[in-house]
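Sequences listed follow chains A and B, in order. Mapping the first sequence onto this note's numbering, position 58 (from 1) lands on 59, and the numbers just tick up by one. Mapping the second sequence onto this note's numbering, position 100 (from 1) lands on 101, and the numbers just tick up by one. Below: the structure, in structure tokens.
Number of protein chains: 2
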Amino acid sequence: MNRPTMEDVALRAGVSRALVSLVMNDSPKVSEEKRQAVEMAAVDLGYRPNLHARNLAQQRTQTIGVLVNDLHNPFFSEVIDGIEAEADRRNMQVLILNGGHHGAREERGIETYLQFQVEGMVLVGTRLDDQQLLAAAENVPLVTVAAGWEHPGVDIVTTDEVAGAALAVEHLVSLGHEAIVHFDGAQNISAAPRRQGYVDAMRRLGLEPRIILTGDSEAAARPACDHLLEISEETTAIFAFNDLLAAGVLDCLNDHQIAVPDHMSLIGYDNTFIAALGHLSITTINQPRVEMGRLAIETVLERIEDGRTEPVRRVLQPELIERDTAAAPPIKTAIASREDTAL
Amino acid sequence: MNRPTMEDVALRAGVSRALVSLVMNDSPKVSEEKRQAVEMAAVDLGYRPNLHARNLAQQRTQTIGVLVNDLHNPFFSEVIDGIEAEADRRNMQVLILNGGHHGAREERGIETYLQFQVEGMVLVGTRLDDQQLLAAAENVPLVTVAAGWEHPGVDIVTTDEVAGAALAVEHLVSLGHEAIVHFDGAQNISAAPRRQGYVDAMRRLGLEPRIILTGDSEAAARPACDHLLEISEETTAIFAFNDLLAAGVLDCLNDHQIAVPDHMSLIGYDNTFIAALGHLSITTINQPRVEMGRLAIETVLERIEDGRTEPVRRVLQPELIERDTAAAPPIKTAIASREDTAL
DNA sequence: TTGTAAGCGTTATCAC
DNA sequence: GTGATAACGCTTACAA
């Protein structure tokens, strides 16, 4: 026999299908007697409600679709923690789909969610373009986390990345650095605001911004770092697009016998657990990831349950986390003889 | 107006609902003319098939549920890569649910999948007990990855972790180590086989196993490491339960001014990107994670599509990855004056 | 090739 | 309280 249905349970309990439904949704208006009978029958048969039938009949799914750019990046998994916790609290089921860095996958993910009739979508760090975003937002409440431009119809939860980058620059300058270069995140969705923040802050402080197009992975660090050391003798600090990149830079500097932070300071971004690894201990910029996830669910639920219709933009504040890779620059003479005094 | 349905599309295209269905599932037996008409109507209306209705009518979901123990651990995200790639190739949709280290969440996840009518389930590193496992396996093809005991009705994809641990021990011994201690994974599902492999290998080589109950996170390393250094002067090598733990140990040794690998050798497990981080460069044991994911889907599909019924157990081989944390032990005199010669 | 009609397993609206 | 009965949106024989 196939999976038992409500009909089967009803038959066995000697009641009607509707009564079984009421019991399953523990409605108050059902006699204790019948309730017991139904519950027994259900257990005996190993009955399990069919979610599709339920969703179809109920015309709602209580489900929110989460699409994440890259499951490997620890940044995203912590945002998911916040999302799951809040969704649990609000009795919403969440589905997770992984973009895997692939635009096509992300598009398919959105389509899947739409067909699934999710009641809301949360896009975490995805790089969908405006058109795709808006197309999706027409059909369902949509909030982007750590990604995405301003758009009517799309809610945004993010941190002020421009300010975050400025924090890094200001910290380095306050330590006495002037020749600070930025290893930028290339096509990563957050690359632009961080670059912007870096450039603005440098200019504001009367310094010359210098940017090397790099990327957002550890591997991307090597060529950029090698290049920098080749062309520039005087650089004393690097502001890396993210922690992963910073880890790569650290490695490269190590190979080049350049001590951190004695001869080169380094700041990352995201404050993922990578930066916290004792052995690396990278000074970085924190984003409140769990809170971002929580807020994303809250925000999307405002549309679903409270019927909000104007877009909102929630911006959290980044924070400097001081660790061991940023310190005062070496005195000039030390720079000149970098080789001699290296680690 | 609500979401358009097939009915709406049919009306607009001037055909029957069934015809629309045929077009949607691009059946060959529909005239080019009508197909065009239907497609136009669908686009005009922004029609999107309702997955629940489809699943209900079709009596299948083409969906495999993946339940993963901990999204933070990079080990799991790579298994997921393999799962997604293979599922794509085989035209199966995968859903991901996160156990988040929580037994209760895992149970709920299984229940959700069952109600969802998934056609198969993949459990990655979960710690469900036998009873829960079997209960689930009764309803749907089930394969565990890197987790779970032998069970009729449950397929297993794993690596030979006993052999993996032995690999670590043998490598250290071949370098000349004798006083090798194991920091074990406590309640982690893989702790037992790795511990076993360590003990067996040590005994086989005539050495005395020494185990310190530790855990599976970076944070767990500190107390164990402190403890070890307090009680034992002669230890020359540590075999850590996993890379994360090894990273923590590295940090602790660093604080204690013990040079790695000069005065202490260290081997991790999993070969996650943590171990590969240039700055850490931890010698470790590799598990072919992507292949494990791929194989998991293949295995579950054998039951779904080919109707296999006897359980299988697919065991892949682990592999030693030599990096920079394991070398010959210091000569005896160096050990005695560890403090003096430290980094 | 196309249309008709009978499900798929629930929920929801009514009467009783 | 409880039971018919009509949706829900789609697929799938079967007929035409």
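C-beta: ideal position from N, C-alpha, C; glycine also.
Residue state for ASP217 of chain B is assigned as coil, using DSSP reduced to three classes. For a cut-off of 8 Å, the C-beta gap from ILE111 of chain B to ALA137 of chain B is around 5 Å, short enough to register as a contact.
Looking at the DSSP output, SER266 of chain A sits in a beta bridge with A:ALA238.
ALA86 of chain A is a Cβ neighbour of ARG295 of chain A, given a cutoff of 9 Å. Linking ALA54 of chain B to VAL24 of chain B through their CA atoms gives a straight-line distance of about 16 Å.
In the three-state reduction of the DSSP assignment, ASN287 of chain A falls in the strand class, which pools E and B.
Under the 9 Å criterion on CB atoms, ALA328 of chain B is classed as non-interfacial with respect to chain A.
Counted as a single uninterrupted DSSP element, the stretch harbouring ARG13 of chain B is not any beta strand (DSSP E) but the alpha helix (DSSP H) occupying residues 7-14. Residues of the same chain with a CB within less than 7 Å of the CB of GLU107 of chain B, apart from the 5 flanking positions on each side, are LEU68, GLY100, THR127, LEU129 in chain order.
With respect to chain B, the C-beta atom of ARG196 of chain A has no partner C-beta closer than 9 Å. Shown here, HIS152 of chain B sits in a strand according to DSSP, grouped into three states. For the segment 79-158 of chain A, the full-length beta strand (DSSP E) segments reaching 3 residues or more read 94-99, 121-125, 143-146 along the chain.
Restricting attention to A:ARG61, A:GLU8, A:GLU299, the CA atom closest to the CA of VAL39 of chain A is found in A:GLU8. Between ALA54 of chain A and chain B, the shortest Cβ-Cβ separation is below 9 Å. Under the Cβ criterion of 9 Å, ARG4 of chain A is counted among the residues facing chain B. THR113 of chain A reaches chain B at LEU52, GLN94, counting residues in chain order whose Cβ is nearer than 9 Å.
Put simply, the backbone Cα of GLY207 of chain A is about 38 Å away from that of VAL144 of chain A.
Nearest C-alpha to LEU321 of chain B among B:MET93, B:ALA276, B:GLU292: B:ALA276. In the three-state DSSP reduction, GLY66 of chain B falls in the strand class (E or B).
For the segment 305-321 of chain A, there are no residues whose beta carbon sits under 9 Å from a beta carbon of chain B. The CB of GLY294 of chain A never comes closer than 9 Å to any CB in chain B; the least such distance is about 12 Å. Its chain contains ALA11 as the residues whose beta carbon lies nearer than 7 Å to that of SER17 of chain B, once the 5 sequence neighbours on both sides are disregarded; these appear in chain order. Beta-bridge pairing by DSSP links VAL316 of chain A to A:THR159. Any Cβ of chain B closer than 9 Å to the Cβ of PRO142 of chain A would place that residue at the interface, and such an atom is absent. In this structure, DSSP gives VAL301 of chain B a helical state, which the three-state scheme calls helix. Within the DSSP bridge table, the entry for ASP185 of chain A names A:LEU214 as partners. Looking at the DSSP output, ASP244 of chain A shares a beta bridge with no other residue. Here the alpha carbon of ASN92 of chain A sits roughly 21 Å from the alpha carbon of VAL125 of chain A. GLN288 of chain B is positioned such that its CB atom lies closer than 9 Å to that of ASP271 of chain B. Counting only the Cα atoms, PRO75 of chain A lies some 7 Å from PHE274 of chain A.
With contacts defined by Cβ atoms closer than 9 Å, SER266 of chain B and THR285 of chain B do not form a contacting pair.
Under the 10 Å beta carbon count, ILE232 of chain A is surrounded by fewer than 16 other beta carbons and is classified as exposed. Under the DSSP assignment, LYS30 of chain A falls outside any alpha helix (DSSP H); it carries neither an H nor an E label.
DSSP places GLY198 of chain A inside the alpha helix (DSSP H), whose first and last residues are 192-205.
A Cβ of chain B is located within less than 9 Å of the beta carbon of HIS73 of chain A.
Those residues of the segment 149-162 of chain B placed with their C-beta closer than 8 Å to a C-beta in chain A do not exist.
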